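Same order as they appear, the protein sequences are chains A and B. Under my numbering, the first residue of the first sequence carries the number 1, and numbering increases by one thereafter. Under my numbering, the first residue of the second sequence carries the number 1, and numbering increases by one thereafter.
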Amino acid sequence: MLTAADIAVAFGGFQALRGVAIEAAPGTIVGIVGPNGSGKSTLVNVISGIQLPDRGEVRLNGRPVPLGRPDIVAAHGIGRTFQVPRLARRLTVLQNMLVGARAQVGERLFPLFLNPGRVAGREREIEAAALAILRRLGLVAKANDYASGLSGGQQKLLSMGMLLMSDPGVLLLDEPAAGVNPVLIEQQVAFLSALRVEGRIILLIEHNMEMVANLCDRVYVLDAGEVIAEGTPAAIRSDETVMRSYLGQPA
Amino acid sequence: MVDFVIYSTTTIALWSVLGLSLNLQFGLTGLVNFGQVLPFAIGAYGAGFAAVHGLPWWSGAIGGIVLAPLIGLLVILPAGRLAQDYWALITLGAGEIFRLTMVNVPAIADGIEGASVHRLGDRTLAMLLALGLLAVAWLILHRIAEGPLGRLLRVIREDETLAATLGRNPLRFQMLVTVVAWALAGAAGVLYAHVTGYVSPASFMVIETFVIWTAVVLGGPGSNLGVVAGTVLVQLTSVSTRFVAQWTHLPSDLVANLRLATFGLVLVLVFLYRPQGLLPERKKAYDVDRR
Numbered sequence: 001m002l003t004a005a006d007i008a009v010a011f012g013g014f015q016a017l018r019g020v021a022i023e024a025a026p027g028t029i030v031g032i033v034g035p036n037g038s039g040k041s042t043l044v045n046v047i048s049g050i051q052l053p054d055r056g057e058v059r060l061n062g063r064p065v066p067l068g069r070p071d072i073v074a075a076h077g078i079g080r081t082f083q084v085p086r087l088a089r090r091l092t093v094l095q096n097m098l099v100g101a102r103a104q105v106g107e108r109l110f111p112l113f114l115n116p117g118r119v120a121g122r123e124r125e126i127e128a129a130a131l132a133i134l135r136r137l138g139l140v141a142k143a144n145d146y147a148s149g150l151s152g153g154q155q156k157l158l159s160m161g162m163l164l165m166s167d168p169g170v171l172l173l174d175e176p177a178a179g180v181n182p183v184l185i186e187q188q189v190a191f192l193s194a195l196r197v198e199g200r201i202i203l204l205i206e207h208n209m210e211m212v213a214n215l216c217d218r219v220y221v222l223d224a225g226e227v228i229a230e231g232t233p234a235a236i237r238s239d240e241t242v243m244r245s246y247l248g249q250p251a
Numbered sequence: 001m002v003d004f005v006i007y008s009t010t011t012i013a014l015w016s017v018l019g020l021s022l023n024l025q026f027g028l029t030g031l032v033n034f035g036q037v038l039p040f041a042i043g044a045y046g047a048g049f050a051a052v053h054g055l056p057w058w059s060g061a062i063g064g065i066v067l068a069p070l071i072g073l074l075v076i077l078p079a080g081r082l083a084q085d086y087w088a089l090i091t092l093g094a095g096e097i098f099r100l101t102m103v104n105v106p107a108i109a110d111g112i113e114g115a116s117v118h119r120l121g122d123r124t125l126a127m128l129l130a131l132g133l134l135a136v137a138w139l140i141l142h143r144i145a146e147g148p149l150g151r152l153l154r155v156i157r158e159d160e161t162l163a164a165t166l167g168r169n170p171l172r173f174q175m176l177v178t179v180v181a182w183a184l185a186g187a188a189g190v191l192y193a194h195v196t197g198y199v200s201p202a203s204f205m206v207i208e209t210f211v212i213w214t215a216v217v218l219g220g221p222g223s224n225l226g227v228v229a230g231t232v233l234v235q236l237t238s239v240s241t242r243f244v245a246q247w248t249h250l251p252s253d254l255v256a257n258l259r260l261a262t263f264g265l266v267l268v269l270v271f272l273y274r275p276q277g278l279l280p281e282r283k284k285a286y287d288v289d290r291r
């Protein structure tokens, strides 16, 4: 169970989050929706350690997750993607994937020189894993292309692939469908459903309400840094407050 | 003529080590070190300190090679959490602070006068030692650049936040890079002191850092082979200025200054027309189809 409690963040005079609390259980996809500027990405930045909150706490399975330390958060098995994909653009697609893997003995100086056999073995393991994921994502033909040469949608898929290389227990996905063509979105939906079956926790920030309705078990609606509604996608769609602040008209 | 070839080869080998060291920091990891002359000077002053204080040469060598990375960590720790532009300024300042300390504290190694160090009389031996150091540096840095560590360093170069969200602490790896790179540059400094037989603050001016930068930028940041090629071009230009002075009958200090102006021009032209350098970092392609 991933819980975030009483999360507050202010940027100067602007209160981005005002005591937000959410929870997400293993094997569920929890949607976070809300208008632009409502604090969705800030919430994901806090949970992933990129943004240090003014107050609040994050727990995974009851144990506190350190705040403001993205590297340690990732080591807890909490991984994320970004709204604008972050990639090493001057490395190839496959190299980006390989860096996603954890526990790389070849990144430590002494094994790199003193135990080349073990380093090579680990490289073969993660290369095989990376190619398998690239096949599932339909990116294997691009494996040796520079990441900078991918389309926006492909970059989102690659980010997802890099995240999966770390075998995370928690996936924080910031608008994975934005700018992605409909065929790839369908592929992503199938993909995320499969990840849910594996018992992972998935937090999905998304504007695509159809995707949210199809995938999410539970939805939180943020507005001006506060949770204004929570419930099943169907309940959210019929909630009047939500329609006024976000959807604009009856669905 | 043979003497000149030996001298040039020795110089090229030593400056190649400095270039490879900078390439690990800047080319691979993205650390803008404008004080690359500092670890080189620390190494040389290790030798100078030992000579002035009557200590055995090897204690100066060890001191220089150990002290260079330690001082590197001291410089990086406050700078580590700052943006890269501050990093450039801090390293630039640290190099000057060290040089001015050597000028003003004669107790360390005879101040502005400079200190005599045991000079390697056999110039061929000096050249072979320099080539040996280059070989060691090459083997270490090639293994780093081509392996998983180099891959991660390049990700840190491209996007530190990405590296952090992938579970790596960028500062830890920047420290590791600094230790390795500064130790190698320190070793080059020790050897330089014994090759020239003399250590003086005038040898470690800011301009030396930019000669090393010119070689890295010209050759190809991120490419070890490119950096060595860049160093060969820059140092050949540098050592041949004495002939230019003879042939043209121009005053030699004017020619020396023209040399620096040439390096500046080379930097501008490379930035404009070939930012990837003469021998750019190569793409690492995997055999995907065979699996």
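Every residue, glycine too, gets a C-beta built ideally from N, C-alpha and C. Quick caveat, the model's predicted, so the values are computed rather than measured.
query                                                                                                                 : result
Residue 21(B) and residue 232(B) closer than 9 Å at C-beta                                                            : no
Inter-residue Cα distance where the pair is residue 41(A) and residue 126(B)                                          : 60 Å
Chain-ordered neighbours of residue 113(A) on chain B, where CB pairs are closer than 7 Å                             : 143
Residue 10(A), enclosing beta strand (DSSP E) - first and last residue                                                : 2-11
Residue ranges of each alpha helix (DSSP H) within the segment 208-265 of chain B, 4 or longer                        : 224-239 and 241-248
Residue 110(A), DSSP secondary structure in three states                                                              : helix
Between the CA atoms of residue 191(B) and residue 12(B) - distance to the nearest angstrom                           : 13 Å
C-alpha gap between residue 218(B) and residue 26(B), whole angstroms                                                 : 13 Å
9 Å Cβ cutoff met for residue 236(A) and residue 227(A)                                                               : no
Neighbour flag for residue 95(A) against chain B, beta carbons, 9 Å                                                   : yes
Test: residue 140(B) CB closer than 9 Å to a CB of chain A                                                            : yes
Those residues which DSSP pairs with residue 219(A) across a bridge                                                   : 31(A) and 231(A)
Expected contact under 8 Å - CB spacing of residue 157(B) and residue 99(A) to nearest Å                              : Not confirmed; about 12 Å, so no contact.
Amino acids of chain B, ordered along the chain, whose beta-carbon sits closer than 9 Å to that of residue 92(A)      : 283, 284, 285 and 286
Neighbouring residues, chain E, relative to residue 106(A) (Cβ below 8 Å)                                             : Here the protein chains are A and B, and chain E is not one of them.
Short-range partners of chain A found in the segment 161-188 of chain B, where Cβ spacing is below 7 Å                : 161, 162, 164, 165, 166, 167, 168, 169 and 176
CB contact check: residue 155(B) to chain A, cutoff 9 Å                                                               : yes
Proximity of residue 31(B) and residue 177(B) at Cβ, strictly below 9 Å                                               : yes
Interface residues of chain B facing residue 255(A) [CB-CB closer than 7 Å]                                           : Nothing about residue 255(A) can be reported from this structure: the residues present for chain A run from 1 to 251 only.
For residue 250(A), three-class secondary structure by DSSP                                                           : In this prediction, residue 250(A) has a pLDDT of 48, which is less than 50 and means its spatial position is unreliable; nothing more can be read from the coordinates.
Simplified DSSP assignment, three categories, for residue 3(B)                                                        : helix
Touch test, the segment 76-93 of chain A against the segment 121-141 of chain B, Cβ-Cβ under 8 Å, three pairs minimum : no
Distance between residue 286(B) and residue 1(B) (C-alpha atoms, nearest Å)                                           : 47 Å
9 Å Cβ cutoff, residue 218(B) in contact with chain A                                                                 : no
Cβ contact (3+ pairs, closer than 8 Å) linking the segment 41-50 of chain B and the segment 268-282 of chain B        : no
The segment 134-167 of chain A: positions lying closer than 8 Å to chain B by Cβ                                      : 140, 143, 144, 146, 162 and 166
9 Å Cβ cutoff, residue 133(B) in contact with chain A                                                                 : no
Reference residue 81(A); option with closest CA among 174(A), 155(A), 125(A) and 96(A)                                : 174(A)
Residue 277(B), buried or exposed, once every other Cβ within 10 Å from all chains shown has been counted against 16  : buried
Residue 60(B) beta carbon less than 9 Å from that of residue 42(B)                                                    : no
Where residue 164(B) falls, given that 16 or more other Cβ within 10 Å makes a residue buried                         : buried
Exposure label - residue 1(A); buried when at least 16 CB within 10 Å                                                 : exposed
Residue 211(B) versus 4(B), 9(B), 35(B) and 3(B), residue with shortest Cα-Cα distance                                : 35(B)
9 Å Cβ cut-off: residues of chain B touching residue 50(A)                                                            : 161, 164 and 165
Distance between residue 119(B) and residue 45(B) (C-alpha atoms, nearest Å)                                          : 14 Å
Inter-residue spacing [alpha-carbon to alpha-carbon] between residue 106(B) and residue 200(B)                        : 11 Å
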